[in-house]
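**Student:** Pasting a structure below so you can have a look.
In our numbering, the protein residues as written are 2 to 236.
Quick look at the structure:
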């Protein structure tokens, strides 16, 4: 609500800050997330949150609300909830979305990665699409591109249900790159991307980088034509 309504909000906000029960907390968070999405009205920048479908998708008069105030109190409630539920994956993902929408890209990536670390017990278990959906990967790719970490963005394009070759190839051709470039070639398993890197680096005269991509593509486990015995050896 506008500044005139802020005194009326204070008791509600104080109550929210005292919430501890997860069911009640998640309901309050989903309400603020839904309101934030409705007021912002940008599908590509929606906060993805559990239980938002419980709340109306429209409000009678958006001009009577202060989105900045809603945003601030949502952040306070989520960060407060994380103090009591530090390993809650959905909270970290929501906070990542919050930072993404606010163009705090480094903070967003950190929260998404924390969610992945928690979900996989520090990457000792597979990271499934149930936990990390395509929409999260796409936001991470956008964040990394904005941070000029283009190689990392290209690597993440492999994690999508359908590999985004256009974005991956564009990422690898970016001239202003703030990450370690060929250091991440070990993380590339898609043959099409590796073949493109070989072509690209040879064209640029970067023979060492081209050789690294060639070495990766030559690994046994990447060769789809290997017979079953060789495949077993590779695993």
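A virtual CB, placed ideally from N, CA and C, is assigned to each residue, including glycine.
(1) For residue 195, which residues from the same chain have a beta carbon less than 7 Å from its beta carbon, with the 5 sequence-adjacent residues on both sides left out?
(2) Go through its chain and collect everything with a Cβ distance to residue 83's Cβ below 8 Å, but skip five positions before and after it.
(3) If you run the structure through DSSP and keep just helix, strand and coil, what is residue 80?
(4) Any Cβ of chain D within less than 8 Å of the Cβ of residue 16?
(5) Between the Cα of residue 29 and the Cα atoms of 158, 44 and 56, which residue gives the shortest distance?
(6) State the Cα-Cα distance for the pair residue 17 and residue 73, rounded to the nearest angstrom.
(7) Which whole-angstrom value is the C-beta distance of residue 153 and residue 145, which I expect to be below 8 Å?
(8) Which value, in whole angstroms, describes the spacing of the CA atoms of residue 220 and residue 64?
**Tutor:** Taking the coordinates as given:
(1) Translated into the one-based positions of the chain shown, residue 195 becomes position 194. Taken in chain order, the residues that qualify are 189, 214, 217 and 218.
(2) Taking the first residue of the chain shown as position 1, residue 83 is located at position 82. Contacts found: 89, 92, 93 and 96.
(3) Here residue 80 corresponds to residue number 79 of the chain shown, with the count starting at 1. Correct three-state label for residue 80: helix.
(4) Here chain D cannot be found, since the structure has a single protein chain.
(5) Residue mapping note: residue 29 aligns to position 28 of the chain shown, counting from 1. Among 158, 44 and 56, the Cα nearest to that of residue 29 belongs to 56.
(6) Translated into the one-based positions of the chain shown, residue 17 becomes position 16. Translated into the one-based positions of the chain shown, residue 73 becomes position 72. Computed Cα separation, rounded: 13 Å.
(7) Taking the first residue of the chain shown as position 1, residue 153 is located at position 152. Taking the first residue of the chain shown as position 1, residue 145 is located at position 144. Contact between residue 153 and residue 145 holds, since their C-beta atoms are separated by about 5 Å, short of 8 Å.
(8) Here residue 220 corresponds to residue number 219 of the chain shown, with the count starting at 1. Here residue 64 corresponds to residue number 63 of the chain shown, with the count starting at 1. If you take the alpha carbons of residue 220 and residue 64, they lie about 59 Å apart.
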